[in-house]
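Residue numbers (the numbering used here): 2 to 628.
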């Protein structure tokens with residue numbers, strides 16, 4: 002080789018660096034120790050010149066590629082905005098097709114590692130397309146998606162080109178080293194022989210005292226050289242592995258990113274000297290509830306004091322219909338009515354399963370006095386909610402966490418002061434010196450935001466919000482064309498139902514998720530007609546999956562839902578319904594609703610049809626979605 006790259010040989014420290022990679026310990030940046038369990042990584046491609054098309058797999062997004070979300074209570078969030086994402090999407094899609102072709106050619110082989118790499122790679126692309134991030138998280142996810150691609154590409158090459166056989170060949174070396182591959186280093190002479198014979202770049206590490214000048218040496222390089230494109234500045238994340246180089250180094254770089262528990266964080270400074278959460282936080286004391294506004298029993302009400310009107314009580318089991326609510330997917334409305342509300346399991350499921358991952362849509366719109374504020378405040382925290390859900394998916398729990406209706410109601414009634422905003426952005430801010438001069442109800446609302454999102458908002462005094470590129474002024478939602486509110490309500494119904502299904506399946510079939518979660522993901526994705534069951538698409542314009550107008554697509558979706566449900570304990574022995582008929586669709590929908598009520602003790606949020614302008618009422622202000 003023309004030069005010896007740098008790689009640590011005595012001790013390694015695997016931790017994320019500022020670019021979201023692992024520095025010298027990253028198998029996409031430098032040769033690593035050969036490990037039999039990760040033999041395919043000898044075929045990881047070397048980083049090409051920056052003008053090569055493949056260089057996108059080593060690209061790190063800059064601040065210019067990060068488009069901030071301006072109308073949000075959490076102003077550190079943004080989305081990836083770069084033409085390189087189109088290239089990443091196309092390259093990962095092609096590799097995905099290649100990998101599944103390999104799997105289909107030998108379905109009885111063990112393909113778990115390749116399936117996981119491809120699934121995580123494509124999930125990363127879907128996140129990059131649809132999900133909000135902080136800038137640091139964006140760099141982490143881009144780098145992780147690129148790692149999955151290069152790892153999966155090497156594994157496909159290893160299988161298709163039969164490198165396992167090549168590494169066992171004997172005889173004279175018949176080719177020069179294949180410099181396009183990263184290769185590996187080792188202290189084992191037998192490994193050196195195998196790799197060198199196969200044409201793989203290999204670095205034989207020996208103690209200096211055992212090395213003597215050899216007249217056959219072609220190149221003598223007395224000092225290592227690090228690629229100046231390798232970033233070594235630490236990101237501030239916990240160390241994944243520390244010790245001698247071995248298979249644990251490879252295993253730790255294969256772990257997916259985790260962003261920390263949302264209820265535990267400390268504050269650090271980003272590269273703009275702004276405070277952002279990272280790591281773990283200690284517990285916060287619950288706010289003290291004072292008896293503000295409590296009237297003595299013997300005190301008479303002033304004659305000038307208006308008498309509060311009692312609000313009607315909403316029955317959660319009765320669907321809300323009207324001009325501002327999109328129609329329910331047939332036959333789910335009838336399925337809910339057929340459910341026995343009293344049929345509950347003896348053991349109550351944990352709250353993170355039974356709670357609401359998005360706010361209850363009925364709670365948002367039922368009260369005419371609060372619905373404007375509810376929807377306005379919901380759009381201010383919608384992106385933060387999606388980000389939290391994406392974090393939950395890769396957390397140890399592995400499932401989106403739900404919260405009580407009361408907590409959502411408290412959160413969406415929040416009104417933060419200027420002092421709060423200063424406190425949240427202050428460099429001296431910490432959980433121990435929270436501003437305390439506030440009313441009890443305000444303190445509770447602030448605590449609700451911390452409970453759901455892990456931190457208080459850094460901005461809340463807005464006069465406008467945005468939906469699909471359309472700006473909406475305060476107190477004008479129900480003065481717009483009804484299509485605006487219907488689209489927002491469809492969005493909440495759709496993804497509440499989607500994440501409820503994920504959570505119910507995880508609760509009832511946790512062992513299957515532990516064994517092969519990607520298979521469950523694929524089935525759930527088919528129910529909704531999606532490649533990935535987790536992402537939230539804000540630009541949906543066509544009914545898909547169980548809501549599709551296309552009979553073949555809809556029948557396939559109901560087949561997938563039934564396939565998912567036959568693993569649930571109560572349906573393992575029941576007769577299968579015919580998913581290609583209206584009656585069969587109703588049976589499957591009713592069984593889902595019954596299982597949901599029995600396990601979680603509340604009515605499910607039902608799927609809706611995407612609203613169409615059609616005959617919807619027109620408002621004082623027009624609405625046209627920005628596509």
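Don't be surprised by glycine CBs; every beta carbon is placed ideally from N, CA and C.
Bear in mind that the values here come from a model prediction, so they are computed numbers and not experimental data.
(message) According to DSSP, is residue 6 part of a helix, a strand, or is it coil?
(response) Along the chain shown, read from residue 1 onward, the residue named residue 6 stands at position 5. The answer is strand: DSSP assigns residue 6 an E or B state.
(request) State buried or exposed for residue 171, treating a residue as buried only when at least 16 other CB atoms are found within 10 Å of its CB. (result) Indexing the chain shown from 1 puts residue 171 at position 170. With fewer than 16 Cβ atoms within 10 Å of its Cβ, residue 171 is classed as exposed.
(message) Considering only the alpha carbon of each residue, which of 467, 530, 624 and 488 lies closest to residue 70?
(response) Taking the first residue of the chain shown as position 1, residue 70 is located at position 69. Looking at the Cα atoms, 467 is the closest of the given residues.
(message) By the DSSP assignment, the alpha helix (DSSP H) with residue 408 in it spans what residues?
(response) In the chain shown, the residue the question calls residue 408 occupies position 407. Taken as a continuous stretch (DSSP letters only), the alpha helix (DSSP H) holding residue 408 covers 406-413.
(request) Give the single residue among 74, 355, 90 and 35 whose Cα lies nearest to the Cα of residue 57. (result) As a working note, residue 57 is residue 56 in the chain shown. Here the closest residue by C-alpha is 90.
(request) Tell me whether the beta-carbon of residue 136 lies closer than 8 Å to the beta-carbon of residue 23. (result) Your numbering for residue 136 matches position 135 in the chain shown. Your numbering for residue 23 matches position 22 in the chain shown. Result no, Cβ atoms of residue 136 and residue 23 do not sit closer than 8 Å.
(message) Could you pull the DSSP bridge partners for residue 67 from this structure?
(response) Numbered from its first residue, the chain shown carries residue 67 at position 66. Beta-bridge pairing links residue 67 to 81.
(request) Below 7 Å CB to CB, which residues in the same chain sit around residue 160 once its five sequence neighbours on both sides are set aside? (result) To locate residue 160, count along the chain shown from 1; it is residue 159. Excluding residues within five positions, the ones whose Cβ falls inside 7 Å are 103.
(request) Check the C-beta distance from residue 479 over to residue 560 and give it rounded, since I have them as a contact under 8 Å. (result) To locate residue 479, count along the chain shown from 1; it is residue 478. To locate residue 560, count along the chain shown from 1; it is residue 559. The pair is not a contact, with the Cβ atoms about 40 Å apart (cut-off 8 Å).
(request) Could you check how far apart the C-beta atoms of residue 203 and residue 187 are, in whole angstroms? I think they sit under 8 Å. (result) One-based indexing of the chain shown puts residue 203 at position 202. One-based indexing of the chain shown puts residue 187 at position 186. Contact holds; Cβ gap of about 7 Å.
(request) Taking residue 468 as part of the alpha helix (DSSP H), name the residues at either end of that continuous run. (result) Looking up residue 468 in the chain shown gives position 467. Careful: residue 468 lies outside any alpha helix (DSSP H), inside the beta strand (DSSP E) at 465-468.
(message) Assess contact between the segment 581-590 and the segment 524-542, defined as three or more Cβ pairs (one per stretch) separated by less than 8 Å. Is contact present?
(response) no
(message) For residue 246, tell me which candidate among 185, 619, 162 and 163 has the shortest Cα-Cα distance.
(response) On the chain shown, position 245 is the one that residue 246 refers to. That would be 185, whose Cα lies nearest to the Cα of residue 246.
(message) Quick check: residue 325 and residue 490, are their CB atoms within less than 8 Å of each other?
(response) Residue 325 sits at position 324 when you count from the first residue of the chain shown. Residue 490 sits at position 489 when you count from the first residue of the chain shown. It is a contact, given that the beta carbons lie within the stated cut-off.
(message) I'd like to know whether the C-beta atoms of residue 608 and residue 463 end up nearer to each other than 8 Å.
(response) Position 607 of the chain shown, counted from the first residue, corresponds to residue 608. Position 462 of the chain shown, counted from the first residue, corresponds to residue 463. No, they are not a contact pair.
(message) Is it the case that the segment 9-23 contacts the segment 226-234, given that we only count it when at least three CB pairs across the two stretches are under 8 Å?
(response) yes
(message) Taking its Cβ as the centre, do 16 or more other Cβ atoms sit within 10 Å of residue 401, making it buried, or is it exposed?
(response) As a working mapping, residue 401 is identified with position 400 in the chain shown. Buried: at least 16 other Cβ atoms inside 10 Å.
(request) Starting from residue 13, follow its DSSP beta bridges and name the residues at the other end. (result) Numbered from its first residue, the chain shown carries residue 13 at position 12. Answer by DSSP bridge pairing, in chain order: 244.
(message) Using a 10 Å radius around the Cβ and a threshold of 16 neighbouring Cβ atoms, would you call residue 181 buried or exposed?
(response) Indexing the chain shown from 1 puts residue 181 at position 180. It is exposed - the Cβ of residue 181 has fewer than 16 other Cβ atoms within 10 Å.
(request) Return the residue from the list 146, 197 and 346 that minimises the CA-CA distance to residue 254. (result) Numbered from 1 along the chain shown, position 253 holds the residue referred to as residue 254. Considering only alpha carbons, the answer is 146.
(message) Check this for me: beta carbons of residue 155 and residue 78, under 8 Å apart or not?
(response) Translated into the one-based positions of the chain shown, residue 155 becomes position 154. Translated into the one-based positions of the chain shown, residue 78 becomes position 77. Cβ atoms of residue 155 and residue 78: not closer than 8 Å.
(message) Assess contact between the segment 600-616 and the segment 512-521, defined as three or more Cβ pairs (one per stretch) separated by less than 8 Å. Is contact present?
(response) no
(message) Is the separation between the beta-carbon of residue 46 and that of residue 179 shorter than 8 Å?
(response) Here residue 46 is taken as the residue at index 45 of the chain shown, counted from 1. Here residue 179 is taken as the residue at index 178 of the chain shown, counted from 1. Cβ distance not < 8 Å, so residue 46 and residue 179 don't count as in contact.
(request) Could you round the C-beta distance between residue 477 and residue 622 to whole angstroms and report it? I think they count as a contact, below 8 Å. (result) Here residue 477 refers to the residue found at position 476 of the chain shown. Here residue 622 refers to the residue found at position 621 of the chain shown. Contact flag correct, Cβ pair sits at about 6 Å.
(request) With a 10 Å radius around its C-beta and 16 neighbouring C-beta atoms as the bar for buried, classify residue 361 as buried or exposed. (result) Residue numbering aside, residue 361 sits at position 360 when the chain shown is read from its first letter. With 16 or more Cβ atoms within 10 Å of its Cβ, residue 361 is classed as buried.
(message) Does residue 465 pass the burial test, meaning 16 or more other C-beta atoms within 10 Å, or should it be called exposed?
(response) As a first step, residue 465 is located in the chain shown; it is residue number 464 there, counting from the start. Label assigned to residue 465: exposed.
(message) Please return the same chain residues whose Cβ sits closer than 8 Å to the Cβ of residue 167, not counting the five positions on each side in sequence.
(response) Translated into the one-based positions of the chain shown, residue 167 becomes position 166. These residues qualify, in order along the chain: 199.
(message) Count Cβ pairs between the segment 577-587 and the segment 552-569 that sit closer than 8 Å; are there 3 or more?
(response) yes
(request) Along the beta strand (DSSP E) that carries residue 472, what are the first and last residues, could you check? (result) The residue given as residue 472 occupies position 471 in the chain shown. Unbroken beta strand (DSSP E) run through residue 472: 471-474.
(request) Measuring alpha carbon to alpha carbon, tell me which of 473, 495, 506 and 197 ends up nearest residue 485. (result) Translated into the one-based positions of the chain shown, residue 485 becomes position 484. Measuring from the Cα of residue 485, the nearest candidate turns out to be 473.
(request) Quick one: grab the DSSP three-state call for residue 360. (result) If you number the chain shown from 1, residue 360 lands on position 359. Of the three classes helix, strand and coil, the one that applies to residue 360 here is coil, per DSSP.
(request) Report yes if the CB atom of residue 27 is closer than 8 Å to the CB atom of residue 9, and no otherwise. (result) One-based indexing of the chain shown puts residue 27 at position 26. One-based indexing of the chain shown puts residue 9 at position 8. Result no, Cβ atoms of residue 27 and residue 9 do not sit closer than 8 Å.
(message) Can you tell me where the beta strand (DSSP E) holding residue 187 begins and where it ends?
(response) Position 186 of the chain shown, counting from 1, holds the residue named residue 187. Taken as a continuous stretch (DSSP letters only), the beta strand (DSSP E) holding residue 187 covers 185-187.
(request) Would you grab the beta carbon distance between residue 250 and residue 15 for me? Rounded to a whole angstrom, and I think it's under 8 Å. (result) Start at 1 with the first residue of the chain shown, and residue 250 comes out as number 249. Start at 1 with the first residue of the chain shown, and residue 15 comes out as number 14. Right, the Cβ-Cβ distance comes to about 6 Å (below 8 Å), so this counts as a contact.
(request) Mind checking which residues open and close the alpha helix (DSSP H) that includes residue 498? (result) On the chain shown, position 497 is the one that residue 498 refers to. Per DSSP, residue 498 belongs to the alpha helix (DSSP H) from 483-509.
(request) Would you identify the three-state DSSP class for residue 456, choosing helix, strand or coil? (result) Position 455 of the chain shown, counted from the start, is the residue given in the question as residue 456. It is coil, neither helix nor strand.
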